[in-house]
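**Student:** Numbering of the sequence shown is given in the UniProt record's numbering, commencing with residue 1 and proceeding in unit increments. Quick reminder that beta carbons are idealized off the backbone N, C-alpha and C, glycines included. Dropping the structure in here first, questions after.
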Amino acid sequence: MVKELDEKTEALPDHVGWRLWQASRAWQAEFAAAMRAAGHGWFTEARAGLLGHISRGGVRQSALIERSAISKQAIQQLLDGLEAEGIVERLPDPQDGRGKLVRYTHKGLDALRDGDRVKMEIERRYVGRIGEKRFTALMGALRALEAGQVAAMGEDAGAEGEVVESK
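See the structure below:
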């Protein structure tokens, strides 16, 4: 006889965190697929998560480790792959002889420009699906949530005085 394990399982709540997570994952998958379709076969969601923490002018590798919330070893592996693909380069940090600066190459900057275009295309599709008014309201609500988080964090928002660009 088979025993039913889920006979009295309560339904999970439909909450904003779950919806934000699902929407974020869908956006990331759509973005990564569009980048690969645009000729950037090296582009993955994991690499995108790291690239989003590198400003267009570059960043100290130590700041990248602090910002990304993944292990030093994982960052090292991602950077090794991106460097091998010619997307980023690591240079000695003139302010700290032991440190490294991570900077985009020309190929990396070209990919960022394609990424900017792809992001706007995705936004246009979203506007087409939910309408301009709802999209504008969504963006306003997301900005308000972010502003509340930054205010709660105080002045600690930017590590080592560098600006984190959006993904």
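1) Are R60 and L101 touching if we call contact CB-CB under 8 Å?
2) Does the contact criterion of 3 or more C-beta pairs under 8 Å hold for the region 120-140 versus the region 45-59?
3) What residue ranges within the UniProt domain "HTH marR-type" (13-147) form continuous beta strand (DSSP E) runs of no fewer than 3 residues, ordered along the chain?
4) If you reduce the DSSP assignment to three classes, tell me which class A11 lands in.
5) Does the Cβ-Cβ distance between G115 and M35 come in under 8 Å?
6) So V127 packs on F31, CB below 8 Å; how close in whole Å?
7) Apply the 10 Å Cβ neighbour rule to L91 and answer buried if 16 or more other Cβ atoms are within range, or exposed otherwise.
8) Output the distance between the C-alpha atoms of R113 and M120, rounded to the nearest integer angstrom.
9) Within its chain, find whatever has a CB closer than 6 Å to the CB of S166; leave out the 5 residues flanking it on each side and keep chain order.
10) Could you give the distance in angstroms between the alpha-carbon of V16 and the alpha-carbon of Q22?
11) Short of 8 Å in beta carbon distance, which residues of its chain neighbour K133, apart from the five on each side in sequence? Order them along the chain.
12) Do R103 and G41 have their C-beta atoms closer together than 8 Å?
13) Output the distance between the C-alpha atoms of I54 and P13, rounded to the nearest integer angstrom.
14) Between G99 and S71, how many whole angstroms is the CB-CB distance? I'm expecting something under 8 Å.
15) Mind checking A11: buried by the 16 CB within 10 Å criterion, or exposed?
16) With a CB to CB cut of under 6 Å and the five nearest residues on each side skipped, what residues in its chain are close to Q28?
**Tutor:** Taking the coordinates as given:
1) yes
2) no
3) 88-93 and 96-104
4) coil
5) yes
6) With a Cβ gap of about 16 Å, V127 and F31 do not count as contacting.
7) exposed
8) 11 Å
9) Only weak support exists for where S166 lies, its pLDDT of 43 falling under 50; the coordinates are left without a value.
10) 10 Å
11) none
12) no
13) 36 Å
14) Going by Cβ atoms, the distance from G99 to S71 rounds to 18 Å, so no, they are not a contact pair.
15) exposed
16) E45
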